[in-house]
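Going letter by letter, the sequence shown gives residues 1 to 230 in the working numbering.
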Amino acid sequence: MLSKIGNQGLAGNSEVKLLLGLKFQFWVCLVFLLCFGLEAAAETKPDQGLISPDKEAVVLSRASSEPAPTKKVDYSFFKSSEMAFTCLMPENWQTRKMGNGDLLILPEASENGLKFSIKIRLQKIKGQGRPALKRKIEDSGKQFLRAPKGQILKENKTMIAGKEAPYLVAAYRALDKQGQTRVFAHALVAFLRQDRIMQIDYFAPYRVYQEKLPYFQGVLDSLRLLPLKP
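Now the structure itself:
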């Protein structure tokens, strides 16, 4: 009897020790995960969480024929005779032609302190169109990867103005207009127009990118192509 009770006592002590050991390991793991996880989240969340599947669908989709901003915004009609297209853009935004021929669609200067815009480029190509378009996307991807902390978040195809258009969504670190290093998100879509490639970029610091994303969507959805001049 004493032996039996003693064995039960030893077994009970063993179970208690086992439970205490497991409990200790649990708390150690929990503290580790909390400490390490929060630190990792602080470092990786901006880079890895820029485009979730639902937001990605918003970036480049044809879900709606009208812009869908988060707050009510009046839109104005814009026509570029030189690039032969029309689109809708926020009424208080402006267009600016750059020295290299690129067209920027961007807010008033007072709102543009964080450096974000939509850039449209129409470039002539030599040789066959599809290989040239493929090279354009590949070269753009390499350029993103060369940027500090550069990574490609998504690469796929969509339809823009009735044209098949490959696109990239990337993230990298760059300086904003205040000289501060920020995580930027960058969407690039391109498609063929006869002997030319039309490329549309949207880039901004992460939080601004998310906020203004519907305006980029509005430009894409409302884009209409006109006959190109020779």
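Heads up, the beta-carbon is just placed ideally off N, CA and C, and yes, glycines get one too. Owing to the predicted nature of the structure, the values given are computational and were not obtained by experimental measurement.
In whole angstroms, what separates the C-alpha of residue 173 from that of residue 86? As a position in the sequence shown, residue 173 is number 173, starting the count at 1. As a position in the sequence shown, residue 86 is number 86, starting the count at 1. Rounded to the nearest angstrom, the two C-alpha atoms are 32 Å apart.
Would you give the residue range spanned by the alpha helix (DSSP H) that residue 211 belongs to? Counted from its first residue, the sequence shown places residue 211 at position 211. Unbroken alpha helix (DSSP H) run through residue 211: 206–222.
Residue 122 to residue 130 span [Cα, whole Å]: Indexing the sequence shown from 1 puts residue 122 at position 122. Indexing the sequence shown from 1 puts residue 130 at position 130. Residue 122 and residue 130: Cα-Cα distance of roughly 15 Å.
Which same chain residues end up closer than 8 Å to residue 91 when comparing Cβ atoms and leaving out the 5 residues on each side of it in sequence? The residue given as residue 91 occupies position 91 in the sequence shown. Here the set comprises 73, 74, 75 and 76.
Do the CB positions of residue 204 and residue 184 come within less than 8 Å of each other? Here residue 204 is taken as the residue at index 204 of the sequence shown, counted from 1. Here residue 184 is taken as the residue at index 184 of the sequence shown, counted from 1. Yes, these two residues count as a Cβ contact at 8 Å.
Neighbourhood of residue 147 by C-beta distance below 6 Å, restricted to the same chain and skipping five residues each side: Position 147 of the sequence shown, counted from the first residue, corresponds to residue 147. Cβ neighbours of residue 147 beyond the five flanking positions: 172.
Among 139, 88, 215 and 221, which one has its Cα closest to the Cα of residue 161? On the sequence shown, position 161 is the one that residue 161 refers to. It is 221 whose Cα lies nearest to the Cα of residue 161.
Classify residue 133: buried if its beta carbon has 16 or more other beta carbons within 10 angstroms, exposed otherwise. The residue given as residue 133 occupies position 133 in the sequence shown. Answer is buried; the Cβ neighbour count reaches 16.
Span separating the alpha-carbon of residue 99 from that of residue 156: Residue numbering aside, residue 99 sits at position 99 when the sequence shown is read from its first letter. Residue numbering aside, residue 156 sits at position 156 when the sequence shown is read from its first letter. Their backbone Cα atoms lie some 31 Å apart in a straight line.
In the DSSP assignment, find the alpha helix (DSSP H) that holds residue 140 and state where it starts and stops. Position 140 of the sequence shown, counted from the first residue, corresponds to residue 140. Taken as a continuous stretch (DSSP letters only), the alpha helix (DSSP H) holding residue 140 covers 129–146.
Determine the burial state of residue 230: buried for a count of at least 16 other Cβ atoms within 10 Å of its Cβ, exposed for fewer. Here the question's residue 230 lines up with position 230 in the sequence shown. Flag for residue 230 reads exposed.
Straight-line gap, residue 96 to residue 127 (C-alpha atoms, nearest Å): Counting from 1 along the sequence shown, the entry for residue 96 is found at position 96. Counting from 1 along the sequence shown, the entry for residue 127 is found at position 127. Residue 96 and residue 127: Cα-Cα distance of roughly 30 Å.
Tell me which same chain residues have a C-beta within less than 7 Å of the C-beta of residue 223, skipping the five on either side of it? Within the sequence shown, the letter at position 223 stands for residue 223. Taken in chain order, the residues that qualify are 85, 87, 160 and 161.
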